[in-house]
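Comments concern the structure below.
Numbering (the numbering used here), first residue to last: 256 to 1066.
In structure tokens form, the structure reads like this:
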């Protein structure tokens, strides 16, 4: 506590000292005949994307509702993070967005997964291929199916739009919490242009980026980009055999983009684009709360985790101006290959047995040798939109999605051996000796097919009052096949040890909508009110549908074979404002959610029959504020804050996997061997651990979070110097619906980042220096309980202090 107080005191004095010194320098500069304090950057500087930052008075165009509108005219909560802002904070992937938009929390999970939540709505169902995230993720409007694919580096990004609240009309299913849309730079026939940069920092941080825009003719242009980033591990494991310091949380990423745009007439354009990504590293650090090593960057684990992710995105966009109507066709094809392995207990054998005792069933280790996902997806969307002239504008469209997700899992846990076992081939014979070493194996394929029809219109009732209304029909179908084993137990007498069979088919449909009124009080001040409904489709629980306690013993609280749809009704009021000749911008919103059927991972009294369940109702509410102030050309301040709360409302008996295991051990039936020899007694023991989650807090909602940044820009010698300081705070939050003790609460953290950039005038060259996490805070990025295996609880951490120097050339 004293350390935190001291840090904040130091921050305050540092910012004050910097402000005083810079103000003095600015006054001296003005006195010497430099540009006056209220002078604006030149138009050429703005067009070139000057590092001095965008004017508050400039209009940022967003594609938030499939049409181009300005940020200040959009009647919804949306934050646009520009490429300039990403560079200043050295953000190269989605985890870096924490603190840049109110209500947004990006955290980690097992197997390279990302839990992206907005206002507490995200993904409470990790490691389950049949469910969708509550925050949909898009690249240039193309829906990205799997959360692991969201790890792909941001390649040649123009801006990132964070839409908060249900997006039930334009983006439909999977957008109960909101939408993140990555807008990449597109080819242009204007001129040859591009950039190259190279950077180096501690931890052998190495990065190189480049992009080239090349006009071929006056109607055809090509744009290519490449991005490479590599660094040593931010942490290491101490007990991996043969490697005393096995690196973790390292990176080795390569991504590229190629886009071709053809516009033979003013009315027709065709864009073909591909984005490729490959990440090949040792996997992230996951520090068990039971680890006795006090160093947060060291873990006493004995298994060498690996992470390989390969994503391929191909998409085409055709736009045709039919006169008063614009036609758009968007087609995509996506592939994901993810191979993850990690130490499931995140301890060495001695600590695992000492701390967990009977909970392990006398096992020495819990190692996931392979969690492989293969996803192949296809999307097609058509829409017709009116032009924006006149009192009434509209858009109608249709969407089709098809995706197949295959999961293959090998997990080992035993009382013999060192656990350094390789993954089995999927065609391993049922009687192979290696099969008996498996603790758990799964081979599941889930196919999802979805289609939707939507329409939305806006009517100017008066010059200042506008009504917007939209409706969407959604239909989703899930089917698949799967097989799983535990304890090496198989009932086959021939063939492969895993033989998938068809599982439950689930088909759902839902109507979602939006209704909003916005009133333009003055040309610079607007208020709005909206009522929106969002929905996320249900799915299937393959294991529970076959042998769960609901179907086996009629347990009314058991995990069901079919999952219900999530539905969120949102009431929001907001205001968007500019004051003092557009020097000050303040956007504020307040919201209240009625959140029905939240999907979360629930255990079952029958071992390995766990799956997903629905909480009946939750209420989430809060207020958010974003502000930006530029009193002069030299100074620029920005910040945001969110105050939020969520509570479950209604009886719901649920089973915490750790509590179920503890009850099983206390009754004398530890481990899987005890379970099978005392099947019904073990079931009764686990049954006693149910708890009612009514009144618990909704997970992933920090009560307070926000950030503040201050910048100074001035003429120094022949060029422009920019100095920036940023402070980020994220409050604590529950990481589980069960709210059981401090071990299920993710602690708060704060972070300070610094940035400096010097533009060498009229040369295209710039030199920047970035310091992230200045005070080397060991902030906990996420705390989560492994819902499977031995139910360990891990912490993942934000990166340590990082120094990076970058040289860039724009042309």
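All C-beta atoms, glycine included, are put in the ideal place defined by N, C-alpha and C.
Nearest-angstrom Cβ-Cβ length linking residue i and residue j, presumed shorter than 8 Å
| i | j | result |
| --- | --- | --- |
| residue 592 | residue 629 | 6 Å |
| residue 707 | residue 769 | Not really, about 14 Å apart at Cβ, beyond 8 Å. |
| residue 506 | residue 536 | 5 Å |
| residue 625 | residue 1049 | Rounded, the Cβ-Cβ distance is 19 Å, inconsistent with contact. |
| residue 955 | residue 994 | So it is not a contact: roughly 12 Å between Cβ atoms. |
| residue 362 | residue 1037 | 3 Å |
| residue 570 | residue 528 | 6 Å |
| residue 1013 | residue 1025 | In fact, because the Cβ distance is near 13 Å, the residues do not count as touching under 8 Å. |
| residue 581 | residue 642 | 7 Å |
| residue 727 | residue 424 | 5 Å |
| residue 982 | residue 1003 | Contact flag wrong, Cβ pair sits at about 13 Å. |
| residue 733 | residue 756 | Wrong, their Cβ atoms sit about 16 Å apart, outside the cutoff. |
Per DSSP, the bridge partner or partners of residue i
| i | result |
| --- | --- |
| residue 757 | 736 |
| residue 781 | 775 and 831 |
| residue 1035 | 1052 |
| residue 660 | 630 and 701 |
| residue 685 | The partner list for residue 685 (beta bridge, DSSP) is empty, contrary to what the question assumes. |
| residue 422 | For residue 422, which the question treats as bridged, DSSP gives no partner whatsoever. |
| residue 867 | 856 |
| residue 790 | 822 |
| residue 690 | Paired residue(s): none; residue 690 is not in a bridge. |
| residue 314 | According to DSSP, residue 314 bridges with nothing at all. |
| residue 725 | 711 and 769 |
Extent of the continuous beta strand (DSSP E) run through residue i
| i | result |
| --- | --- |
| residue 1022 | 1020 to 1027 |
| residue 1058 | 1057 to 1065 |
| residue 584 | 580 to 598 |
| residue 804 | Unbroken run through residue 804 is the alpha helix (DSSP H), 804 to 808; no beta strand (DSSP E). |
| residue 819 | No beta strand (DSSP E) contains residue 819, which DSSP labels as neither H nor E. |
| residue 846 | 839 to 857 |
| residue 716 | Element bounds for residue 716: n/a, residue is neither H nor E. |
| residue 1046 | Counting along the chain, residue 1046 falls outside any beta strand (DSSP E), and DSSP gives it neither H nor E. |
| residue 394 | 390 to 394 |
| residue 1006 | 1004 to 1014 |
| residue 576 | 561 to 576 |
| residue 454 | 448 to 456 |
| residue 361 | 359 to 363 |
Span of the alpha helix (DSSP H) around residue i
| i | result |
| --- | --- |
| residue 340 | 338 to 343 |
| residue 610 | 604 to 611 |
CB of residue i within 7 Å of CB of residue j, strictly
| i | j | result |
| --- | --- | --- |
| residue 433 | residue 373 | yes |
| residue 773 | residue 766 | no |
| residue 953 | residue 873 | yes |
| residue 610 | residue 545 | yes |
| residue 1054 | residue 489 | yes |
| residue 787 | residue 825 | yes |
| residue 1056 | residue 1021 | no |
| residue 468 | residue 448 | yes |
| residue 940 | residue 919 | yes |
| residue 751 | residue 682 | yes |
| residue 685 | residue 608 | no |
| residue 864 | residue 903 | no |
| residue 827 | residue 465 | no |
| residue 783 | residue 820 | no |
| residue 562 | residue 538 | yes |
| residue 1047 | residue 617 | no |
| residue 792 | residue 731 | yes |
| residue 494 | residue 550 | no |
| residue 333 | residue 355 | no |
| residue 908 | residue 945 | yes |
| residue 700 | residue 530 | no |
| residue 810 | residue 804 | yes |
| residue 632 | residue 808 | no |
| residue 369 | residue 402 | yes |
| residue 654 | residue 636 | yes |
| residue 697 | residue 739 | yes |
| residue 717 | residue 659 | no |
Any non-hydrogen atom of the ligand PLP within 6 Å of residue i CB
| i | result |
| --- | --- |
| residue 989 | The model depicted lacks the ligand PLP and carries no ligand whatsoever. |
### Task
Taking only runs that begin and end inside the segment 936 to 998, name each unbroken beta strand (DSSP E) of 3 or more residues, in chain order.
959 to 971 and 974 to 985
### Task
At 3 residues or longer, and completely inside the segment 467 to 544: list those beta strand (DSSP E) runs for me, N to C.
475 to 486, 490 to 492, 501 to 503, 506 to 517 and 523 to 536
### Task
Counting only runs of 4+ residues fully inside the segment 883 to 925, write out the alpha helix (DSSP H) ranges in chain order.
Listed in chain order, they are 912 to 921.
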